[in-house]
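Peer 1: Numbering (my numbering), first residue to last: 33 to 471. I'd like to ask you about the structure that follows.
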Ligand code: ADP
Ligand code: ASP
Ligand code: MG
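Right under this line is the structure:
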């Protein structure tokens, strides 16, 4: 059994957390390839090392003195090294890093040092080999992940290493500079490593007991989802359930490698299994709820819209020309709404409006901002009647006005738009009806 095991930032934030991680790895001989994040928060208001690195680099680039900021970062690592009683010095690495900061090696280079240094410490602590991700994870000239090259070189490299630590979050460009994935990207590295070694399982250890039915920052102590499909997870993580980076499923999905989300602070709990498909029914009609704020809707009304050939295309053309991608497009007979990210749309809204008037001569155009979208996701919804009805009656009960509804054709999810100020209450109402009262 080969397991690729990724640990998130809070799982490696200090000595005590490192010890828990060490115990977890030693408990199972199959845990052979380890992907660490940079040290994360030790307590609620703490700062992640990744954020400290961005900040330190910004100071360096401005030509200001960044030595104090660098010292605070060094201290985080030295506390761990001393706490674990390791005889390891990172002075050489810090010297190189300092010189590269002065030489403006790039923001991505700076951020990547978080996992690089943590990887060196973890490898030393576990007595595993250290493999620098810059030598095995690759991006192409355009900065896109180069799956083919990575897979070839990484799998060859892993085959000659019995046990190794490969730091998460970064890789290298064809010109040898460092590039990172987007934030939370160590999850993606873990998945790439699992694919390359054809692992039996990709374990992703974090600070919650699995994928929860709803965001624990909104619902107190939500239930854990035991089994979830890749598709359901994709819908939920895209809509803000950020337990796992939304791109992390692609590499393993192709190989049918399951992901197991586990809690470093409660290692006896089985967490969540993420699988291709399953015959297991979820415990509730829905599998999970997630949502995001920051959307705007552009609603277009025109009599007889439905009989006007090419109407939809002409509308979307305007958005495309202005480089605005849209999230959803619920429509009625004489109405059509386009849901967009408010931050992208704001600066160019007048151009879009003018374009719409020119292209489709609508009767009315209305813009509404401050919209939150909520995704209610579940493979069980297809075979259960009245799911949408239950959602709307729960929301009506909570006196929440539903601004928009969109049900995907896969019947895997229902998307609901509400005012941002109703967002948290709406999630609670939906959670209550499906999970607490189960009616
Ligand atoms: P790590 O640093 O281990 O990668 P993250 O902070 O990226 O951890 O992800 C775990 C966090 O995701 C949890 O602490 C929790 O606050 C948040 N979260 C949001 N939605 C959910 C959900 N549905 N289930 C579990 N955690 C969630
Ligand atoms: N350390 C990086 C971040 O904070 C990557 C990760 O933790 O996955 O985004
Ligand atoms: Mg994460």
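We put the CB at the ideal spot given by N, CA and C, even for glycine.
(1) Cutting at 7 Å between CB atoms, please list the residues of its own chain near residue 160, excluding the five before and the five after it.
(2) What are the complete beta strand (DSSP E) segments, minimum 3 residues, inside the stretch 169-256?
(3) Name the two residues that bound the continuous alpha helix (DSSP H) containing residue 150.
(4) For residue 350, report the span of its alpha helix (DSSP H) as first-last.
(5) Please determine whether the Cβ atom of residue 272 lies at a distance below 8 Å from any heavy atom of the ligand MG.
(6) From this set, 287, 397 and 385, which residue's C-alpha is nearest residue 368's C-alpha?
(7) Cβ of residue 162 versus every heavy atom of the ligand ADP: is any distance shorter than 8 Å?
(8) Considering only residues of the same chain and omitting the five flanking positions on each side of residue 304, which have a CB-CB separation below 8 Å?
(9) Taking all protein chains shown into account, do 16 or more other C-beta atoms lie within 10 angstroms of the C-beta of residue 60, making it buried, or fewer, making it exposed?
(10) For residue 25, which of 96, 234, 36 and 404 has the nearest alpha-carbon?
(11) Do you know whose CA, among 190, 406, 232 and 347, lies nearest residue 463's CA?
(12) Quick one: grab the DSSP three-state call for residue 405.
(13) Check whether the stretch 49-63 touches the stretch 184-191, taking contact to mean three or more Cβ pairs, one atom from each stretch, closer than 8 Å.
(14) How would you label residue 75, buried or exposed, when you count the other beta carbons within 10 angstroms and need 16 or more for buried?
(15) Run through DSSP, which three-state label would residue 340 get?
(16) Within this structure, are the beta carbons of residue 274 and residue 416 separated by less than 9 Å?
(17) Is residue 268 near the ligand MG - that is, is its Cβ less than 8 Å away from at least one heavy atom of it?
(18) Do you know whose CA, among 449, 441 and 90, lies nearest residue 423's CA?
(19) Under the DSSP definition of a beta bridge, which residues are partnered with residue 270?
(20) In chain order, what residues of the same chain lie with their CB nearer than 8 Å to the CB of residue 209, ignoring the 5 residues before and after it?
Peer 2: This is what the structure gives:
(1) 66, 195, 196 and 197
(2) 202-204, 210-212 and 233-238
(3) 139-158
(4) 343-353
(5) no
(6) 397
(7) no
(8) 242, 243, 256, 257, 258, 259, 260, 292 and 293
(9) exposed
(10) Nothing about residue 25 can be reported from this structure: the residues present for the chain run from 33 to 471 only.
(11) 406
(12) strand
(13) no
(14) exposed
(15) coil
(16) no
(17) no
(18) 449
(19) According to DSSP, which records beta bridges pairwise, residue 270 is partnered with nothing at all.
(20) 137, 138, 140 and 141
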